[in-house]
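A.B. asks: This is the structure, below, for whatever I ask next.
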Amino acid sequence: MGEPVVEIYTDGACSGNPGPGGWGAVLRYGEHERDLHGGDAGPTTNNRMELTAAIQALETLKRPSAVRLYTDSSYLRNGVLSWMAGWKRNGWRTSTKSPVKNEDLWRRLDAATQRHEIEWHWVKGHAGHPENERADRLAVLGVREATTPVTQQ
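Its first residue numbered 845, the sequence shown is counted upward by one per residue in this note's numbering.
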């Protein structure tokens, strides 16, 4: 990866699991930074929000990029690095022939990863990592916005 690397920090949050959810991502390319967030009034799950954060961040990139993606979700990282290839070989079924949970998002993530050269990194959540904490605050904001009634004027 000789060119500048896009660093992405992602997180998902849920108020109840399942419940309303939010996702957040911090993107950094050189001196440029961008925060992304969104929410789902639910019910959704924390795992769905973790996947959505990574998808949204990768889909935001305008051209193929070298990426370092940091997540505190073992589900996301293990899914990409260990499980997804087998799921695809098995027609999106697990080793026990059950349907893959969150298949819609795993398929979308698979498509989003094809354009990029990605290094996947796990960070411990809620352990003071500045960018992970920032992504967490964005995810919580996504929950709050998804559950705040819109007032008509």
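Every residue gets a Cβ at the ideal spot worked out from N, C-alpha and C, and that includes glycine.
1. Does the region 903–921 come within contact of the region 959–978, defined as at least 3 CB pairs closer than 8 Å?
2. Return helix, strand or coil for residue 861, following the three-state DSSP convention.
3. Using 10 angstroms around the beta-carbon of residue 802, count the other beta-carbons present and answer buried if the total reaches 16, otherwise exposed.
4. Pull up the DSSP beta-bridge partners for residue 855, would you.
5. So what does DSSP say about residue 845, is it helix, strand or coil?
6. Is the separation between the beta-carbon of residue 983 and that of residue 857 shorter than 8 Å?
7. Nearest to residue 872 by CA position, among 848, 862, 892, is which residue?
C.D. replies: According to the structure shown:
1. yes
2. coil
3. Past the edges of the chain, shown from 845 to 997, lies residue 802, and the structure says nothing about it.
4. 868
5. With a pLDDT of 43 at residue 845, under the threshold of 50, the predicted position of this residue should be treated as unreliable, though the coordinate-derived value follows. Coil at residue 845, not helix or strand.
6. yes
7. 848
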